[in-house]
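The next block holds one structure in the form of structure tokens; read it before the comments.
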Amino acid sequence: MSFESLGLRAELLRAVSEKGYNTPSPIQLQAIPLILEGRDIMGGAQTGTGKTAGFTLPLLQRLMASSKPEKGRRPLRALMLTPTRELAAQVHESVQSYGKHLPLRSTVVFGGVSINPQKQKLIKGVDILVATPGRLLDHVSQRSVDLSKIDILVLDEADRMLDMGFIRDIRKVLALIPRQRQTLLFSATFSSDIKKLANDLLRSPALVEVAKENVAVDSVTQVIHPVDKKRKRELLSALIGGNNWQQVLVFTRTKHGANRLAEQLNTDGISSAAIHGNKSQGARTRALADFKASKVRVLVATDIAARGIDIDQLPHVVNYELPNVAEDYVHSIGRTGRAGNEGEAMSLVCVDELKLLKDIERLIKRDIPSVTFEGYEPDPSIKPEPINNGRGGRGGNGQRKHASHNRRGGQPSARGGNNNRSKANTGQRHQRGR
Ligand code: AMP
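Those letters in the sequence shown? Residues 33 to 466, by my numbering.
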């Protein structure tokens, strides 16, 4: 499936191709045609799924289709509400970049900054407004915005808006916009409060969901374990052996790294197989079948090779190395915690990877708790080195330099130096204080 086949107009296709997107993501494939038809949407999707383009592209197209020359100030026709300033700014950037070849005007308003420049822009007239609820109401009370001509309303991250206590503000906004409109509600979770809000807001909505690649499905516990690069294998063996895990999916950055790690684990007495693009399809199918049948305990994979791995009760995923591309982290942790099962996703992080960790935390918009195992504390004298990706490895192909680091992974243990492997599962841990 291509963007062309979704029925998007040429200006949008051009913008999408300039962004470098080749194929629509699952949420885009589902949502775009429905929104173009004018349907209300209840969307279950998180950051990292491409949801923003999923609602912004068809929204722009519908505004173009219903554009009519108006005398005087152009009316505001689309309102996009977000819980946070950061998200508002990000959504507005998307509106600007997907709409760059269209004659539509947009702006963004959020609190914490001066209201006057925002007023100036609103008074000139915009087609699309991205806003946080509180500041939007300030503008309403100062009469810098008129919500009576809204055709399309988007609520992004609706669950977070409710968590942050915006329900009253949202209801005030709703009272000001026409009932006859298209409403798109996106939420990562469908709590009873969200369902109630959706019931009030949406008219026979289409449900679109991409549960499988959820960034932070609540059933997945995420943790990082700071450890020196040279000691990762030892720690991994200790974790698997000490906790008696029977089915573990481990991600490495390179094919060579996957092979080597599987060999080393086998030497440690932990049955393992590697799966990656250089293996024949037969070997890959066999390795996967053996893993699913619990004939091997560990499957070591590069991210690309693991895309098709779908095992409902896979309890443990380990990122032996962090991926170069933050989105790949989301894919990897999405391999566990499926179909309502609990899952644990852990990442072994050395000093070279702190920048990658920061990118991931920025993408998933949360800090991942860090637990340092006693006896595996990172040596603070080790300096970061550029990451060697091998050829055709996982994720991007550029080498990253790590010139500066403003944080070290984990607190050194007060009782360092103990190399006892069994410590890895005894709960003698140090939480990162942040
Ligand atoms: P979102 O879930 O909307 O926050 O998007 C996550 C990231 O995916 C953003 O960096 C987008 O630029 C990117 N993205 C969105 N759609 C696509 C696509 N079809 N192909 C590749 N990247 C995309």
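Using N, Cα and C, we set each Cβ at its ideal position, and we do this for glycine too.
query	result
Helix, strand or coil at Asn-148 according to DSSP, with G and I counted as helix	helix
Ordered list of beta strand (DSSP E) runs contained in the stretch 209-249, each at least 3 residues	214-219 and 238-241
Three-state secondary structure assigned by DSSP to Gly-143	coil
Identity of the residues DSSP links to Gly-375 by a beta bridge	Val-252
Candidates Asn-291, Leu-267 and Asp-183: closest to Ala-110 by CA position	Asp-183
Residue span of the alpha helix (DSSP H) that contains Gly-166, given as start and end	165-173
Rounded distance between the beta-carbons of Val-330 and Ile-302, thought under 8 angstroms	6 angstroms
Segment limits, beta strand (DSSP E) that includes Ile-59	No beta strand (DSSP E) holds Ile-59; the alpha helix (DSSP H) holding it covers 58-69.
8 angstroms Cβ cutoff met for Met-112 and Leu-234	no
Residues near Asn-310 in its chain [Cβ-Cβ closer than 6 angstroms; skip 5 each side]	Lys-287
Heavy atom of the ligand AMP within 7 angstroms of Lys-51 beta-carbon	yes
6 angstroms Cβ shell around Ser-255 - same chain, five flanking residues per side excluded	It is worth fixing the name first, because residue 255 is Val in this sequence and not Ser. Excluding positions up to five away in sequence, the list reads Met-378, Pro-401 and Val-403.
Given Leu-154 as reference, the closest of Ser-146, Leu-187 and Val-141 once Cα atoms are compared	Val-141
Top-ranked residue by Cα proximity to Leu-239, from Tyr-361, Ser-126, Pro-115 and Ile-59	Ile-59
Closest by C-alpha distance to Glu-353, when choosing among Asp-384, Pro-347 and Lys-324	Asp-384
Counted within 10 angstroms of its Cβ, other Cβ atoms place Lys-227 as buried (16 or more) or exposed	exposed
Residues that DSSP places opposite Ala-97 in a beta bridge	Partner(s): none; Ala-97 has no beta bridge.
Where Arg-423 falls, given that 16 or more other Cβ within 10 Å makes a residue buried	Low confidence applies to Arg-423: its pLDDT is 42, below 50, so where it sits in the model is not reliable, and the reading given next is rough at best. Arg-423 comes out exposed.
For Val-350, the three-state DSSP class (helix, strand or coil)	strand
Beta-bridge partners of Leu-185, as assigned by DSSP	Leu-111 and Thr-215
Cβ pair count under 8 angstroms reaching 3, the stretch 92-99 against the stretch 141-150	no
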